[in-house]
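Structure first, then comments.
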Amino acid sequence: MGTLIFGILFLAINWDSIIAPTETNFMKPFDTFYEVLAIGMVYYLLKDIYKGRSFGKRLLGIGVRDLDNDSVTPGAFRLLVRNVTIILWPIEIFLLVVSQRRLGDIIAKTNVKKL
């Protein structure tokens, strides 16, 4: 979902230089790439902060919950820690296949549950 939002935002900002490039706006997509990337990174890190559910999790009817108590949503810091670990994606994939939980879930003591 984040990739889709990133793409839409990037296209919206750079539409004029993509459709009709001129000498003045030719480099605009490259100038705004890092700004849009930063917005996407912030979104990804904070996506589960509100009630443990991102937009995609709401659509699927799932959410992040405390490992010991399914009715408790973890705190903002634990949800942030859970999302930061995605930079170690090879380990994330391995652990997800082996234990059904991501590295972020193991560190933050969380689990994704059907709500």
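Using this note's numbering, the letters of the sequence shown map in sequence onto residues 2 to 116.
C-beta atoms are modelled at their ideal positions from N, C-alpha and C, and glycine is treated no differently.
What you are looking at is a predicted structure, and each value in this text was computed from that prediction instead of being measured.
Asked                                                                                    : Found
Selection from Asn15, Leu38, Asp67 that minimises the alpha carbon distance to Lys52     : Asp67
Residues near Asn112 in its chain [Cβ-Cβ closer than 7 angstroms; skip 5 each side]      : Arg66, Leu68, Arg102, Asp106
Residue of Ser100, Leu81, Asp49 minimising C-alpha distance to Ile63                     : Asp49
Distance between Ala109 and Phe80 (C-alpha atoms, nearest Å)                             : Here residue 80 is Leu; the residue named in the question, Phe, does not match the sequence. Whole-angstrom Cα-Cα distance: 7 angstroms.
Leu104 versus Pro75: straight-line alpha-carbon distance, rounded                        : 16 angstroms
Nearest-angstrom Cβ-Cβ length linking Arg37 and Leu10, presumed shorter than 8 angstroms : A quick correction: the sequence has Val, not Arg, at residue 37. Sure, about 5 angstroms apart at Cβ, within 8 angstroms.
Beta carbon of Leu60 nearer than 8 angstroms to that of Asn84                            : no
Assigned secondary structure, Val85 (DSSP; H/G/I helix, E/B strand, else coil)           : helix
Distance between Leu89 and Lys115 (C-alpha atoms, nearest Å)                             : 25 angstroms
Thr4 to Leu97 span [Cα, whole Å]                                                         : 21 angstroms
N-terminal and C-terminal residue of the beta strand (DSSP E) that Gly64 is part of      : 63–67
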